[in-house]
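A.B. asks: With my numbering, letter number 129 in the sequence shown gets 146, and the count goes up by one each step, no holes. Submitted below is the structure of interest, expressed as structure tokens.
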Amino acid sequence: MSTDLASLLAQLQQTTNQTQLQTQTQTQTNVSINSAALSGLLGVFNQQQLQSQPQFNQLNQLNQSQIDVDLSIPQLAALPQSLAFSLAQQPLQPQPQPPPTLSFPGNPTLPSSFTGYNQDPPPPPRPSKFSPSILRSLADIAENPRVLATLRTLKFAQSQKEASLADQRSRILERHAKQRDQAHADEIMGKKVDTKAMEAMFQRDLREWEKYLSKEMAEMLKKQQIELEDLKIPFFWQTTNPTELALQKRVLDILIDCI
């Protein structure tokens with residue numbers, strides 16, 4: 018009986034050992050299979066990674082260059098790199114462009130101060146000599162009552178002004194003559210008189226008066242030119258050119274003869 022029990026235990030132990038051995042063998046086999054599968058997957062992953070590495074490097078270089086370029090802008094350089102990169106990815110807004118400037122062949126570009134064509138046309142060229150058309154125009158002007166009345170008024174005003182200026186000069190000369198007579202009488206009485214200083218004073222008075230005379234005549238001439246230019250009389254405009262003044266004087270002589 019004990020022999021049968023020992024034999025049974027021995028068989029049971031052998032069966033248990035065989036089962037454990039099969040289990041270990043199966044486990045090692047599964048581990049080997051899993052290791053082989055894992056190695057295969059890693060090989061495929063490494064191959065895919067090697068294939069995509071150039072594209073990844075290009076993308077990385079492109080992103081890095083964008084960051085470097087965008088960070089050169091002062092407003093982005095002051096921000097964190099991550100935020101600056103985010104702003105750099107946003108599309109740039111188009112800047113408004115100025116309107117094109119018209120430029121025709123052979124013509125200069127219009128200046129910025131040009132405000133349009135609502136401007137007065139340029140005045141016609143001024144005549145520089147007498148012509149038959151100007152003589153006919155003067156004949157028509159001489160029959161214009163308004164022109165004749167203006168000429169009479171200007172002539173009278175000029176005569177009055179010239180008479181006033183001549184009277185002023187006469188009074189200055191009379192004063193000088195009296196002072197000379199008084200100086201001569203003083204010399205007869207034995208008084209010492211500085212005649213050179215006195216004559217220098219007289220000359221200074223005359224120069225001051227001549228300046229005043231020139232100013233008054235220039236003002237009168239200016240008024241005459243303005244009024245006659247408004248009447249569209251040939252050769253009349255504001256000028257001090259001797260040649261143009263001679264033409265104006267000739268026109269006045271012709272018109273005054275018609276008064």
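Note that CB positions come from ideal geometry on N, CA and C, so glycine has one too. Computed from a prediction, not measured in an experiment: that's the story for all the values here.
(1) At what residues does the alpha helix (DSSP H) containing I151 begin and finish?
(2) Quick one: is F173 buried, meaning 16 or more other Cβ sit within 10 Å of its Cβ, or exposed?
(3) Hey, out of D274, C275, P251, whose CA is closest to Q265's CA?
(4) Tell me which residue opens and which closes the alpha helix (DSSP H) that K239 is part of.
(5) Do three or more CB pairs link the region 222-234 to the region 184-193 at distances below 8 Å?
(6) Q255 lies in the alpha helix (DSSP H); which residues open and close that run?
(7) Do V268 and L165 have their C-beta atoms closer together than 8 Å?
(8) Take E246 and list the residues in its own chain whose beta-carbon comes closer than 6 Å to its own, dropping the five residues that flank it on each side.
(9) For Q242, which of Q175, S150, L152 has the nearest alpha-carbon?
(10) How long is the line joining the alpha carbons of M312 and C275, rounded to whole angstroms?
C.D. replies: This is what the structure gives:
(1) 149-158
(2) exposed
(3) P251
(4) 212-247
(5) yes
(6) First-last for Q255: undefined, no H or E at that position.
(7) no
(8) F253, W254
(9) Q175
(10) Since the first residue shown for the chain is 18 and the last is 276, residue 312 is missing from the structure and cannot be characterised.
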